[in-house]
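Protein chains in written order, with this note's numbering: chain A, 172 to 400; chain B, 172 to 400. We put the CB at the ideal spot given by N, CA and C, even for glycine.
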């Protein structure tokens with residue numbers, strides 16, 4: 172890893188997976204090179220921002236040709252640390268937990284779900300499509316995390332259980348937490364955290380919603396929104 | 172709305188709902204004022220950034236006292252346009268659509284789900300908990316959107332149907348689209364779009380995952396991550 176890796180701005184890091192997804196779609200259609208303006212259009216960001224983002228990876232493209240799709244994909248995967256499979260556990264098999272486990276996109280993209288935990292006796296031992304092992308009781312957390320060398324946990328518990336679930340997975344050795352419970356959880360120094368709050372996404376959209384008092388400016392707002400991605 | 176509203180940076184807009192959620196939790200515990208450092212800690216951002224964010228709303232707090240919780244909540248809600256209920260429709264009743272519909276957090280926070288659409292004959296007409304009306308066929312989209320004056324659509328279709336579903340809701344008058352299908356969709360000028368890609372969140376986390384080659388610096392990375400929120 173290059174020594175300057177930690178200088179990649181957080182906003183750039185958050186856009187790299189988006190570029191990667193667009194590149195994967197291009198590759199599937201046998202496209203070998205792509206201009207920055209075309210890739211920017213696909214990703215919904217402006218081209219100058221995309222070029223700046225990719226310059227952090229040392230990727231500048233070639234004038235008149237653009238970027239090599241395969242090469243750029245490798246660079247982004249390397250930068251994000253996606254070279255290896257990263258086993259994931261899910262805490263809480265409610266509707267959302269079930270949806271995530273069934274979601275085809277995780278395993279394909281290097282994040283196989285290796286175990287699902289709950290505390291409901293009716294769920295323990297149940298087989299879930301998409302996961303090789305039966306639903307485990309949370310009391311088996313430490314053993315299962317160690318056996319699979321899992322480092323990432325997805326929290327989909329009710330609000331009241333989210334912090335204690337987070338504390339338990341961190342104690343068991345998890346170093347990345349993706350929290351879907353609609354509450355803010357705290358993690359100790361050195362543990363990476365992202366909160367996904369589905370209603371929060373709607374609240375952000377609300378800002379960009381054209382409002383009766385404003386008329387001609389929502390184009391600018393929309394651009395602002397895209398810039399946020 | 173103040174004339175400078177569109178100057179609020181996109182990254183700030185994306186953090187305002189997070190501050191709002193923290194303030195709501197404080198209010199529930201009868202806290203009336205909060206310091207910028209405490210609110211920043213709850214939200215997982217640094218205090219200087221929080222103060223800068225809130226200055227865009229004209230909220231500066233009082234030295235030694237902090238922010239009035241109730242007043243700051245009103246300011247953020249106003250800024251985000253959350254004063255009114257905003258009816259939402261869901262396109263696609265798969266596992267994720269079902270999870271979203273059952274998610275208690277939407278209606279409570281001003282985004283009641285007023286209709287769910289699918290094209291599967293086995294799902295049309297089914298009652299779904301959390302929604303007052305039965306599942307509608309997508310062919311009834313225009314009528315239902317008009318009847319409810321819905322402006323926001325959540326897309327949870329399979330990948331192959333996401334763009335056509337987006338085109339249809341936009342044609343029916345929807346101006347905000349929240350896309351959960353793991354593909355990039357395009358919207359015309361003037362329509363606000365956010366893409367939620369669940370695997371993408373894991374890819375972003377992956378960057379901040381402590382790696383064997385790097386040792387002492389993950390604290391800095393973690394701070395970087397928090398700053399991204």
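Check, Outcome
"Contact defined as beta carbons within less than 8 Å: I believe residue 376 of chain A pairs with residue 270 of chain B. What is the distance between those atoms, to the nearest angstrom?", "About 19 Å separates the two Cβ atoms, so there is no contact after all."
"Grouping DSSP H, G and I as helix and E and B as strand, with all else coil, what is residue 392 of chain B?", "Below a pLDDT of 50, predicted positions are generally treated as unreliable, and residue 392 of chain B, at 37, falls in that range; the measurement from the model is reported next regardless. Helix, per DSSP."
"Within 7 Å of any Cβ in chain B, is that where the Cβ of residue 249 of chain A sits?", "no"
"Since residue 289 of chain B is in the beta strand (DSSP E), which residue starts that stretch and which ends it?", "284-289"
"How close, in whole Å, do the beta carbons of residue 337 of chain A and residue 363 of chain A come, if the pair is a contact with beta carbons under 8 Å?", "Wrong, their Cβ atoms sit about 12 Å apart, outside the cutoff."
"Taking the C-alpha atoms as reference points, what is the distance between residue 178 of chain B and residue 289 of chain A?", "45 Å"
"Which residue marks the beginning of the alpha helix (DSSP H) containing residue 373 of chain B, and which one marks its end?", "369-379"
"Let me know the secondary structure DSSP gives residue 230 of chain B once reduced to three states.", "coil"
"Between residue 183 of chain B and residue 224 of chain B, what straight-line distance do the alpha-carbon atoms span, to the nearest angstrom?", "6 Å"
"Are at least three pairs of beta-carbons, each pair with one atom in the stretch 301-312 of chain B and one in the stretch 271-284 of chain B, less than 8 Å apart?", "yes"
"Which runs of the alpha helix (DSSP H), 4 residues or longer, sit entirely within the stretch 240-308 of chain A?", "240-251, 266-273 and 276-279"
"Residue 339 of chain A to residue 310 of chain A, Cα distance in whole Å?", "10 Å"
"Using a Cβ cut-off of 7 Å (strictly closer), state whether residue 346 of chain A contacts chain B.", "yes"
"From A:344, A:380, A:367 and A:276, pick the residue whose C-alpha is nearest to that of residue 333 of chain A; which is it?", "A:367"
"Under a three-way DSSP split, which group does residue 206 of chain B fall into?", "coil"
"For residue 201 of chain A, count the other beta carbons within 10 Å of its own beta carbon; 16 or more makes it buried, fewer makes it exposed. Which is it?", "exposed"
"Give the DSSP-derived three-state secondary structure of residue 332 of chain A in the structure shown.", "helix"
"From this set, B:196, B:253 and B:278, which residue's C-alpha is nearest residue 330 of chain A's C-alpha?", "B:196"
"Whole angstroms is fine: what's the gap from residue 219 of chain B's alpha carbon to residue 220 of chain A's?", "25 Å"
"Which bits of chain A does residue 213 of chain B rub up against, with CB to CB less than 7 Å?", "355"
"Using a Cβ-Cβ distance under 7 Å, would residue 377 of chain A count as near chain B?", "yes"
"DSSP three-state label for residue 348 of chain A, please.", "strand"
"Can you find a C-beta in chain B that's less than 7 Å from the C-beta of residue 398 of chain A?", "Legend: pLDDT at residue 398 of chain A = 34, less than 50; position of this residue unreliable, value from coordinates given subsequently. With 7 Å as the cut-off, residue 398 of chain A counts as an interface residue toward chain B."
"Which residues in chain B have a C-beta closer than 9 Å to the C-beta of residue 269 of chain A? List them in chain order.", "266, 269 and 270"
"Since residue 182 of chain B is in the beta strand (DSSP E), which residue starts that stretch and which ends it?", "It is not in any beta strand (DSSP E) - residue 182 of chain B instead sits in the alpha helix (DSSP H) that spans 181-199."
"Under the rule that 16 or more other beta-carbon atoms within 10 Å means buried, what is residue 293 of chain A, buried or exposed?", "exposed"
"Under 7 Å between C-beta atoms, does residue 273 of chain B make it to chain A?", "yes"
"Verify whether the separation of the beta carbon atoms of residue 306 of chain A and residue 343 of chain A is less than 7 Å.", "no"
"Round the Cβ separation of residue 216 of chain B and residue 186 of chain B to the nearest angstrom and send it over; I've been treating them as touching at under 8 Å.", "7 Å"
"Does the beta carbon of residue 371 of chain A come closer than 7 Å to any beta carbon on chain B?", "yes"
"Quick check: residue 243 of chain A and residue 230 of chain A, are their CB atoms within less than 7 Å of each other?", "yes"
"Within the same chain, show all residues whose beta-carbon is closer than 7 Å to that of residue 386 of chain B, passing over the 5 residues directly before and after it, in chain order.", "Residue placement at residue 386 of chain B is flagged as unreliable, the pLDDT there being 37, under the threshold of 50; the coordinate-derived value follows with that caveat. Excluding residues within five positions, none has a Cβ falling inside 7 Å."
"Going by CA-CA distance only, name the one from A:295, A:276 and A:246 that's closest to residue 264 of chain A.", "A:295"
"Which of helix, strand or coil does DSSP assign to residue 343 of chain B?", "coil"
"Compare the C-beta of residue 331 of chain B with all C-beta atoms of chain A and state if any pair is closer than 7 Å.", "no"
"Which residues of chain B have a Cβ atom closer than 7 Å to the Cβ of residue 258 of chain A, listed in chain order?", "Near residue 258 of chain A there are no residues of chain B at all, since even the closest Cβ is about 11 Å away, more than 7 Å."
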